[in-house]
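Enquirer:
Protein chains: 2
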Amino acid sequence: MNIDGTKIDYDDVLSEVARGLKQNAIRKLTPLLARPEIISLAPGAPSPDVFPKEELADMASSLIRDRWFSALQYGPTRGNSALVHALVDYLQPRGFPSVSPANILVTTGSQQGLDLATRVLLDRGDVVLVELPSYIGGIVALHNCGARLVGVRQDDDGIVIEDLREKIDHHRRLGQRVKCIYTIPNFQNPSGVTLASDRRHQIIEVAREHNLIVIEDDPYRDIYFSEDAASLTPLAAIDPTRVIYINSFSKILAPGLRVAWLVAPEPIAAKIEIAKEGADLSSSQLDMAIVNEAMRSGLVDRHVPGLRRFYREKRDVMIRALEQNAPAGSAWTTPAGGFFVLYRAPEALDAAALLPVAIEAGVAYVPGDAFFVDGSGNNTMRLAFCRETPEKIIEGIKRLGQVLRRDLEYSR
Amino acid sequence: MNIDGTKIDYDDVLSEVARGLKQNAIRKLTPLLARPEIISLAPGAPSPDVFPKEELADMASSLIRDRWFSALQYGPTRGNSALVHALVDYLQPRGFPSVSPANILVTTGSQQGLDLATRVLLDRGDVVLVELPSYIGGIVALHNCGARLVGVRQDDDGIVIEDLREKIDHHRRLGQRVKCIYTIPNFQNPSGVTLASDRRHQIIEVAREHNLIVIEDDPYRDIYFSEDAASLTPLAAIDPTRVIYINSFSKILAPGLRVAWLVAPEPIAAKIEIAKEGADLSSSQLDMAIVNEAMRSGLVDRHVPGLRRFYREKRDVMIRALEQNAPAGSAWTTPAGGFFVLYRAPEALDAAALLPVAIEAGVAYVPGDAFFVDGSGNNTMRLAFCRETPEKIIEGIKRLGQVLRRDLEYSR
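Residue numbers (my numbering), protein chains in the order written: chain A, 147 to 558; chain Y, 147 to 558.
1. Let me know if Y/D515 comes out buried or exposed under the rule of 16 or more other beta-carbons within 10 Å of its beta-carbon.
2. Taking 9 Å as the cut-off, decide whether the C-beta atoms of A/D364 and A/P386 are in contact.
3. Please classify A/A477 as buried or exposed, where buried requires at least 16 neighbouring CB atoms within 10 angstroms.
4. Between A/V450 and A/G338, is the Cβ-Cβ spacing less than 9 Å?
5. On a Cα-Cα basis, can you pick out the residue from A/V273, A/P239, A/L288, A/P473 that is closest to A/A263?
6. Kindly indicate if chain Y contains any beta-carbon less than 9 Å away from that of A/N471.
7. Looking at Y/I543: is its Cβ nearer than 9 Å to the Cβ of Y/A474?
8. Mark Y/Y220 as exposed unless 16 or more other C-beta atoms lie within 10 angstroms of its C-beta, in which case mark it buried.
9. Kindly list the residues whose CB is nearer than 7 Å to the CB of Y/L295, restricted to its own chain and excluding five residues on each side of it in sequence; keep chain order.
10. Considering just the uninterrupted stretch of the beta strand (DSSP E) at A/F333, what are its terminal residues?
11. What separation, rounded to the nearest whole angstrom, lies between the Cα atoms of Y/L233 and Y/L408?
12. Taking any Cβ of chain Y, which residues in the region 260-276 of chain A have a Cβ under 7 Å from it, in chain order?
13. Which stretch, first to last residue, makes up the alpha helix (DSSP H) that contains Y/E91?
14. Rounding to the nearest angstrom, what Cα-Cα distance links A/G508 and A/E541 in this structure?
15. If you reduce the DSSP assignment to three classes, tell me which class A/T176 lands in.
16. Among Y/L310, Y/R319, Y/Y370, which has the Cα closest to the Cα of Y/N332?
17. Taking only beta-carbon atoms, is A/N357 less than 9 Å away from chain Y?
18. Would you kindly check if the distance between the Cβ of A/N524 and the Cβ of A/D496 is under 9 Å?
19. A/I390 and A/P413: beta carbons closer than 9 Å?
20. Could you tell me the alpha carbon to alpha carbon distance between A/P182 and A/G402, rounded to whole angstroms?
21. Taking only beta-carbon atoms, is A/N148 less than 9 Å away from chain Y?
22. Tell me whether Y/V274, by its Cβ, gets closer than 8 Å to a heavy atom of the ligand SAM.
23. To the nearest angstrom, how far is the alpha carbon of Y/S377 from that of Y/F485?
24. Under 8 Å, CB to CB, which of the residues in the region 213-238 of chain Y have a partner in chain A?
25. Can you tell me whether Y/G475 is helix, strand or coil according to DSSP?
26. List the DSSP bridge partners of A/M527.
27. Just tell me which of Y/I307, Y/L175, Y/V196 has its CA closest to the CA of Y/L453.
28. Could you give the DSSP three-state label for Y/S227: helix, strand or coil?
29. Within 10 Å of its beta-carbon, does Y/L546 have 16 or more other beta-carbons around it, so buried, or fewer, so exposed?
30. Taking the beta strand (DSSP E) that A/Q300 falls in, what are its first and last residues?
31. Could you name the residues of chain Y that A/D426 contacts, counting a contact when the two beta carbons are closer than 9 Å?
32. Given a cut-off of 9 Å on the beta-carbon distance, is the pair Y/R458 and Y/T480 in contact?
33. By the criterion of Cβ-Cβ separation under 8 Å, what are the contact partners of A/C199 in chain Y?
34. In this structure, how does DSSP classify Y/M147 when only helix, strand and coil are distinguished?
35. According to DSSP, is Y/I154 helix, strand or coil?
36. Please confirm if Y/G283 has its CB atom under 9 Å from at least one CB of chain A.
Here it is, written out as structure tokens:
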């Protein structure tokens, strides 16, 4: 009720974008998971046990005291200049020999990279091909700019190229503008699948044929569990003119710092820079200064190998626990890196409907359907091994096994 | 040139939004001003001399060490919960008796507040009334979401209500949808003008009559130079159901921390929250934790009175220097707070064309035309007294006076 007695109908004043906004299904869950007795295999948050707290605390303090001009003042929209140059040095030997600062932008988390990339690429109704399943934050960013999301099948080697071609042809025949492919090639969120090397080349071929841009979202890149997984070629290295490559420090340092980065063809990077200027002027200067110092001082290089061991152990624990506790006929992925296993129940099971039961039993997961833009995936769950301890992962999977078995028996 | 020999026309793959993106004219200037011998009255950046560096350094360090769960981990999109509650406590006695956490959102600088507010309110072609002149970052955010910006005259008391009514009627008659009024009521950027109390009530009346939302951008609120200016009522306090109120810690703590906030009617705040989730998940958790600690510990309260004295002295110095150095027939505002004086040359003078000459003479300003959405203001300059020392302000205005006199003589 308004002060003068008239009532405002806010729907009248909201934009079309606002009326269509989609909420991130994972973040909607967060309040449910606050009870400490619940073992949460839901959030994809890194474990705070491996945040390099002492080092980051010392860096923050000395940067604010002595280098306040980069830590506390306004700074360039592209990001802390030293950090941008450090990223060039990091990228050149890793398949990006001709990358320059003009290709790089630091963003407020990968989420902002996704948001800005979609804003400069997509008009309402443009078609974007996304993996089945795909990352919810990516789906939300694509959805919010009015794109038409079309799911492409994945198998154990990632995107199925025949299905990709079919979907593109189908939507072109409908007269729709097919614009982008969105992929998470390594240790995918939520499937844990890794895109095979030959598929990477085939996707670039398809992109060239149809004049598409590929958005390559690669936040787990450095959290690999085998040497094979260490040497995977980014799609952006195959054809830097067609790919916006997005990566982040959230998983290898700390996500509260909100420092991620992207590499894009120069004309696209220039547009993203202007879009970011309007979106937030720049990301946190303090966070960027800390991350630059973490790169420069060698902290990142020293820290990451330990993370690989830490998360690999937890993956192994989860896989073993699934082998021991999952009902017969279950299936799951064994990721070569990252944070996630996608679990598939043996028969028709509504993972979303089962979640309150599981929470009652003291374990939580993310129901898989939110990751599938075609409405499938009801019988899948994303199980994250990143945050809980090995002991809790074992106990959590035990509880989940009981819940699943009870439900399957009941529905027989 | 593509790797396979084909050339990509990036214009083909960019969105309509990207093709129309507008760059912030002030930030475009930044690279020009890097030479240390130039006295820059251009940037609206606070003086680093008054950053509370020692206190912030200690807070950052102990928060990362001991309260990493709020400083380093993912957190709620609305912002650090303690900070949101601290803002409620801050607002309640200041004209917002019924504000609650559901009305508040922490953003990555005021710029993100502007961007998100415009995204949830404005469709392509919607009319927004903006002051002549107005803040460039606001203009950019409004422009980037496709709004039609219509300038409204200001006098020494701010927006001229008759002109506001006329413009609304005119655009309604053209069949356009008039949606918002964007105002900076206190010590406006760039004019330095303060909106008179009766005008505030009249603007709310107009908004009610035409079902408009007011975006009230108030970053200089606490940097006032008189008791009168201290007690100005926010438009949001007159009618909280119609106003999105935006404020920031950039000017009272440090802008590199990128912590700003907004107050909005609950249904609009809910939409902005979802939009922010897609835009960056959350702002920097470390920055928010630091700002919360600065509020909680009393640092903000202790720090701000000194800022008022510090900037008032610099305003006084600039006004005296203008009195002594400006060519006859010049006009300027005497702001009751904030960072800016708007200077108007005595006759036709192209401030943009004169800028390279001024830079050559060792002084810089922002040409006023970029602030006027109707293309006027060519003979105005924004002179910021925030960043340079009093000595440099005096010398800068002296240099500017010489440049102006020379140009005026030459053009006679």
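Backbone N, C-alpha and C define an ideal beta-carbon position, used for all residues, glycine too. Given the structure is predicted, the values throughout are model-derived calculations rather than measurements.
Expert: Checking against the coordinates, here is how it stands:
1. buried
2. no
3. exposed
4. no
5. A/L288
6. no
7. no
8. buried
9. V274, V276, I285, L288, H289, V519
10. A/F333 -> no beta strand (DSSP E), and no H or E assigned at all.
11. 10 Å
12. D261, R265, V266, L267, L268, D269
13. No information on residue 91 of chain Y is available, as it lies outside the stretch 147 to 558 that chain Y covers here.
14. 10 Å
15. helix
16. Y/Y370
17. yes
18. yes
19. no
20. 21 Å
21. Bear in mind that the predicted position of A/N148 carries a pLDDT of just 46, short of 50, making it unreliable; the figure below should be weighed with that in mind. Yes, because at least one Cβ of chain Y sits closer than 9 Å to the Cβ of A/N148.
22. Summarising the ligand content, the structure contains no ligands, and the ligand SAM is consequently not present.
23. 18 Å
24. W214, F215, S216, A217, L218, Q219, Y220, G221, P222, T223
25. coil
26. A/Y489, A/P513
27. Y/V196
28. helix
29. buried
30. 294-301
31. T253, T254, G255, Q257, Q258, D261, R404, A425, D426, S429
32. no
33. Here residue 199 of chain A is Lys; the residue named in the question, Cys, does not match the sequence. The contacting residues are I210, R211, W214, L218.
34. Low per-residue confidence applies at Y/M147: pLDDT is 39, beneath 50, and the placement is therefore not dependable, though the value from the model is reported in the following sentence. The answer is coil: DSSP assigns Y/M147 none of H, G, I, E or B.
35. coil
36. yes
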